[in-house]
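Throughout the sequence shown, residue numbering follows numbering that gives the first Met the number 0, covering 0 to 259 in sequence.
The beta carbon of each residue, even a glycine, is placed where N, CA and C say it ideally should be.
For clarity, every value in this text was computed on a predicted model and none was experimentally measured.
Read through the structure below, which is laid out as structure tokens, and then see the notes.
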Amino acid sequence: MAETQIEWTDATWNPVAGCSLASSGCKNCYAMQMARRLEMMGVDKYRGLTKKRNDNVVWNGTIRLDKKSLEIPYRWRKPRKIFVNSMSDLFHEKVSDKFILKVWRVMEETPHHNYQILTKRPERMKNFVSSKVKYILPNVWLGTTIESADVKTRINFLRRTSAAIRFISFEPLIDSVGKVNLNDIHWAIVGGESGCKARPIKEEWIDEIHEQCEIYNTAFFFKQWGSWGKDNQKRSKKANGRKYKGRTWDNMPLIECISF
0 MAETQIEWTD ATWNPVAGCS LASSGCKNCY AMQMARRLEM MGVDKYRGLT KKRNDNVVWN
60 GTIRLDKKSL EIPYRWRKPR KIFVNSMSDL FHEKVSDKFI LKVWRVMEET PHHNYQILTK
120 RPERMKNFVS SKVKYILPNV WLGTTIESAD VKTRINFLRR TSAAIRFISF EPLIDSVGKV
180 NLNDIHWAIV GGESGCKARP IKEEWIDEIH EQCEIYNTAF FFKQWGSWGK DNQKRSKKAN
240 GRKYKGRTWD NMPLIECISF
């Protein structure tokens, strides 16, 4: 599970497996389907993490902590951007503080990597960082997912979280988020949903976020249109591509400009 085609990172690292639905953005989560496929392939780590509901594969709430995987980043000598728990959520309520601290120690002891932690549970992340983390690691980026205005309050918890880099993934963007205050947010990723059941994305929703990025000097990364193109036609993700306003947007946060 190390190498990845996710455009904004280099590798994935999954010390936790399994999750549960947190909001509407989770409805078509790729990780649920991936976990089921890995189970069918005989990968024991992903056994019994999903169930069938109305012909859909969904998480069943089982969480598995993989202590062996904690050794993986030590073996990667070349510096990488590492997406932590692409198949779960490090701040899920069933992941103990003790285990999260083990993950933190790995990140501290491998400063040549940059770790990107994305959660739909930013309130717990804020509380954990403020009570359990002694000092801010410059190589740890903390983010939350905002897929619509319904969960826009997540940004308030993120903004109050001490971090070297704070970022938001507006993916899958399934509705307008309106105006968002990106003060103290260093990076924004935007993308549409992909897959046969993908919900449409509209260009004006992207415009809203892009405009706020320019106002707050937040790095803007457009990941994909997904299964619905700019013309509101459904086709393959590859066919729709990654161009927005006639170009690709791969901006990354400027580490030297970060405030704590």
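query                                                                                                         : result
Of the listed residues A162, V189, R52, nearest to I135 (C-alpha basis)                                       : A162
Y29, enclosing alpha helix (DSSP H) - first and last residue                                                  : 29 to 39
Distance between P72 and S130 (C-alpha atoms, nearest Å)                                                      : 25 Å
Touch test, the segment 176 to 183 against the segment 32 to 43, Cβ-Cβ under 8 Å, three pairs minimum         : no
Whether T160 touches K119 by CB criterion (9 Å)                                                               : no
Exposure label - L100; buried when at least 16 CB within 10 Å                                                 : exposed
Proximity of F169 and H185 at Cβ, strictly below 9 Å                                                          : no
Buried versus exposed call for S95 [16 or more other C-beta atoms within 10 Å across all chains shown]        : exposed
Beta-carbon proximity list for T247, same chain, < 6 Å, skipping 5 on both sides                              : R241
Own chain partners of A197 with C-beta closer than 8 Å, once the 5 adjacent residues on each side are dropped : N27, P171, G191, G225, S226, W227, K233
N-terminal and C-terminal residue of the beta strand (DSSP E) that K44 is part of                             : No beta strand (DSSP E) holds K44; DSSP gives it neither H nor E.
Segment contact, 8 Å Cβ cut-off, at least three pairs: the segment 46 to 54 with the segment 105 to 117       : no
CA-to-CA distance, G24 to L141, given in whole angstroms                                                      : 19 Å
Alpha-carbon to alpha-carbon, N55 and K80                                                                     : 32 Å
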